[in-house]
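Numbers given in our numbering equal positions in the sequence shown, counted from 1, plus 23.
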Amino acid sequence: MKKLSILFPILACAFFMVACEADRDDNPVIDLSQPQQPIKLNTPTFANSTYDLAYTDSITLTCTAPNYGFPATTTYVVQLSINDDMSNPSELTTTYHQNRMVVAGKEVAMATTKQMINKKGLKQEDFPVETTAYLRIRAYIAGTPETETFSNIVKLNKVKTKFALPDVEMPDSLFVIGTFNDNNWEKAVKTIQVNGSTQNHWRMLWIDNKGVRLSPVQDEPNFGDNMITPIHICTAAGFNVSVDGLVTAETPGWYIMLVEGTGNNEKRQLTLTYKFYEANVWLIGPALNSVLGDDIKDFWTEKTLRTNYTDYVKFTVPTTMDGMFVSPALPGDAKSDDGGLRAYVTIKWDWWQTEFMAYTNDKDRTSSKRIIKYRGNGDEVKPFVDGKKGQRVYLNFRDDTGEIKNE
């Protein structure tokens with residue numbers, strides 16, 4: 024029995040050694056020594072008919088999967104060209120991870136429009152048009168460019184489309200990166216619309232000589248995807264905006280940046296005009312009621328508050344990139360049913376058009392760290408925030424967080 028007890032661990036160890044060795048032999052490895060083989064794109068059902076893209080919700084495409092030697096998450100991209108050799112194709116926006124792709128008709132229309140403008144010199148008034156179009160699939164494993172492969176080309180006999188590019192107008196928001204967030208698009212903050220104006224955006228930013236950059240997507244600027252040319256204009260002393268949109272300041276510091284966007288559909292240009300203001304943040308609302316005198320109508324009269332009650336309403340502005348904006352100690356309570364605790368920046372509109380506050384983080388109600396929510400171009404953000412006498416408001420515009428506490 025003792026011999027069996029000794030023998031069993033030896034046999035078990037040998038078994039696991041063999042298993043581990045076998046596992047190493049079977050680990051998936053992509054052979055990149057040879058070019059990837061083409062994949063086969065099947066001809067769509069109605070390829071010989073006319074696709075009127077104004078009435079076509081989608082086109083279903085299917086293809087074979089690349090043979091990487093093991094199951095892999097593959098990215099599929101649809102390309103379109105009006106040339107049968109697929110020269111200078113337009114890539115559709117949506118990517119897929121299955122080799123059955125339901126392609127939105129509006130994306131096909133947009134790609135066709137770009138092709139007709141770029142290759143035929145058409146203008147908006149020349150649409151609608153009818154043309155032959157060609158499709159191809161580009162497939163790859165993300166992060167491994169050597170895995171890229173292409174399908175055969177299939178022909179769509181007739182594609183009819185109206186002018187499908189979007190109007191040139193200010194996006195709902197612009198993403199911003201700079202030194203303050205390590206120039207990392209994953210940490211990007213957003214511009215905020217001025218209430219009542221979709222064309223005017225503002226943002227509290229740390230700007231230095233290394234600059235900040237704006238983009239309509241949370242990545243490198245892609246205005247060109249919609250054939251839009253951004254024109255950057257800045258005449259403010261001490262600031263500069265380069266041709267490619269890098270905004271710099273001669274004196275590093277916190278500033279309120281205002282961006283006014285004006286679109287020109289005929290020229291496909293979006294003119295972005297930059298203006299800058301002092302980084303002042305102000306309190307307003309019922310917390311101030313106990314200190315008001317006869318010189319003011321009520322606790323919503325912003326100009327008198329800023330002029331005659333500055334010490335009660337003006338935040339301190341940090342001199343460093345990682346500093347906090349800190350309010351004076353609240354002279355009284357602010358209850359949500361009486362309008363709550365409110366803050367705003369001054370540009371050239373009424374206070375409520377650029378207001379915000381630090382709200383409880385709904386995802387983590389146990390944390391003292393709050394989330395800055397902006398009114399933007401919507402209604403008041405409710406429920407309003409309570410504040411107690413003696414508390415201060417702390418705001419961090421690097422990541423839109425804050426606190427309300429007795430410190």
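Backbone N, C-alpha and C define an ideal beta-carbon position, used for all residues, glycine too.
Is residue i close to chain B? Criterion is C-beta to C-beta, closer than 8 Å.
i	result
residue 107	Annotation note: the requested chain B is absent from the structure, which comprises a single protein chain.
Can you check DSSP and say which residues form a bridge with residue i?
i	result
residue 256	296
residue 142	DSSP output for residue 142 lists no bridge partner at all.
residue 417	349 and 426
residue 157	104 and 178
residue 184	152
residue 212	199
residue 73	181
residue 98	163
residue 191	Paired residue(s): none; residue 191 is not in a bridge.
Go ahead and pull the three-state DSSP assignment for residue i.
i	result
residue 266	coil
residue 109	coil
residue 431	Outside the shown range of the chain (24 to 430) lies residue 431, about which nothing can therefore be said.
residue 150	coil
residue 202	helix
residue 32	Summary for residue 32: the model assigns pLDDT 45, below 50, so the residue's position carries little reliability, and this model does not support an answer.
residue 227	strand
residue 25	Since pLDDT at residue 25 reaches only 43, below the 50 mark, its modelled position is unreliable, and the value read off the structure follows with that caveat. In this structure, residue 25 counts as helix in the three-state DSSP scheme.
residue 171	strand
residue 83	strand
residue 114	strand
residue 132	helix
residue 233	coil
residue 63	coil
residue 40	Note on residue 40: pLDDT 43, under 50, position unreliable in the model; the coordinate value appears next. Helix at residue 40.
Looking at residue j and residue i, is the spacing between their C-beta atoms short of 8 Å?
i	j	result
residue 300	residue 278	yes
residue 378	residue 393	no
residue 104	residue 163	no
residue 373	residue 395	no
residue 258	residue 231	no
residue 358	residue 318	no
residue 215	residue 399	yes
residue 228	residue 304	no
residue 190	residue 288	yes
residue 99	residue 160	yes
message = My parser needs the beta strand (DSSP E) runs of 3 or more residues fully inside the stretch 350-412; what are they?
response = 365-368, 378-382 and 393-397
query = Counting Cβ pairs, one atom from each stretch, are 3 or more of them under 8 Å apart for the stretch 64-81 and the stretch 175-193?
reply = yes
contact_flag[the stretch 348-360, the stretch 320-337] where n(CB pairs < 8 Å) is 3 or more = They touch, by the three-pair rule.
ask   = Mind pulling the beta strand (DSSP E) runs of 3 or more residues that sit fully within the stretch 269-342?
value = Fully enclosed beta strand (DSSP E) runs of 3 or longer: 269-272, 276-287, 292-301 and 304-307.
request  = Take every Cβ of the stretch 92-106, pair it with every Cβ of the stretch 139-157, and state whether three or more of those distances are shorter than 8 Å.
outcome  = In short, these stretches touch, since the Cβ pair count reaches three.
request  = Pair every Cβ in the stretch 207-220 with every Cβ in the stretch 229-242, then say whether three or more of these pairs are closer than 8 Å.
outcome  = yes
message = Check whether the stretch 83-92 and the stretch 57-73 are in contact - that is, three or more C-beta pairs closer than 8 Å.
response = yes
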